[in-house]
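Residue numbers (the working numbering), protein chains in the order written: chain A, 1 to 224; chain B, 1001 to 1099.
In what follows, a single structure is set out as structure tokens and then discussed.
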């Protein structure tokens, strides 16, 4: 049973990975990645990593992929010809390199001489705090791995701020001229402040004249 | 199923992702292929965690997922900024670093 589940999930995962690389439409790439992630979650379950499998489905296949779909829809899923402008020679070289990488990783892993590689893993006894359950992972995160946990949370904060800065209206790093001051955001023009009453202005601020003759104000007209 | 098999699947997925990064030109797809590679690493980590019988590898995999989420947010922000500045969404066109 476990063997059948393993082969089904791993074949599905590899098919999904090939789909991500080979399909032309970015929407289909994202959907293939969702298939791949769900198959990978099944593999995690077979490896007794229940919490990671659930997080994979909820966070990855759910939230992150929705973000991808939004961006693909915004940017426009333009079909890219698989052949592309890149020459056939460099593509062949790229696939050759990937194949060499596969062979190299397989040799490195299988030739590592780890004794337990050809076993089914260490002993496992089911229970409420067995390996891989939320209780177990939570205990590890808050005791042994507290510092990486906090570092990851700071990293998430930095990434969120960075994404906001990058995706601002004017398009990334640059000095914005149309930035709204804090007080204006708090109380928009024309809502009856003392300063507006004193200057006799109702409504939004007039545009600043940069050239041409100066605006004729009340002082030049001799005073009202 | 032996641990070896999981590692071989992980190696396959990693190589496919590497091939995608090398051959595709749409930065969105390149980010997806990077996700593939990170997930292959996650699978290897969890397989080793099972082999040793402790949860360290699983915690490491969760941290890798956090890093991947950060990479996605910043990468997609860069792509949206490129789109707003009318830069073509193609890594071959975006080869200069100046703003």
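Yeah, the Cβ is synthetic: ideal placement off N, Cα and C, and Gly gets one too.
Put simply, the CB of residue 1095 (chain B) is far from chain A, with every gap to its CB atoms at 8 Å or more. The beta-carbon of residue 1043 (chain B) is placed less than 8 Å from the nearest beta-carbon of chain A. Residue contact check for residue 1030 (chain B) against chain A: no CB pair falls below 8 Å. Secondary structure at residue 1079 (chain B): helix, using DSSP grouped into helix, strand and coil.
Look at the stretch 1-89 of chain A and you find these whole runs of alpha helix (DSSP H), each 4 residues long or longer: 2-22, 26-46, 50-55 and 65-75.
Bounds of the alpha helix (DSSP H) holding residue 1020 (chain B) are 1003-1023. Interface annotation, residue 105 (chain A): in contact with chain B, CB-CB separation under 8 Å. The CB of residue 1059 (chain B) comes closer than 7 Å to the CB of 137, 140, 141 and 145 in chain A, given here in chain order. Closer than 8 Å to the CB of residue 125 (chain A) there is not a single CB belonging to chain B.
Exclusion of the five residues before and after residue 1014 (chain B) leaves 1037 and 1040 as the residues of its chain whose Cβ lies within less than 6 Å of its Cβ. Taking a Cβ-Cβ cut-off of 7 Å, the neighbours of residue 148 (chain A) in chain B comprise 1063, given in sequence order. Between residue 1047 (chain B) and residue 1003 (chain B), the CB-CB gap stays under 8 Å. About 5 Å separates the beta carbon of residue 145 (chain A) from that of residue 1059 (chain B), a gap short enough to meet the 8 Å contact definition. Closer than 8 Å to the CB of residue 72 (chain A) there is at least one CB belonging to chain B. A straight-line Cα-Cα distance of about 24 Å links residue 1067 (chain B) and residue 73 (chain A). Residues of the stretch 149-163 of chain A whose Cβ lies closer than 9 Å to any Cβ of chain B, in chain order: 149, 151, 152, 153, 155, 156, 158, 159, 160, 162 and 163.
In the DSSP assignment, residue 136 (chain A) falls within the alpha helix (DSSP H) that extends over 134-142. Between residue 1089 (chain B) and residue 1021 (chain B), the alpha-carbon positions lie close to 15 Å from each other.
Assigned with DSSP and collapsed to three states, residue 1085 (chain B) falls in coil, not helix or strand.
Using beta-carbon distances, residue 1067 (chain B) counts as an interface residue toward chain A, with a partner under 8 Å.
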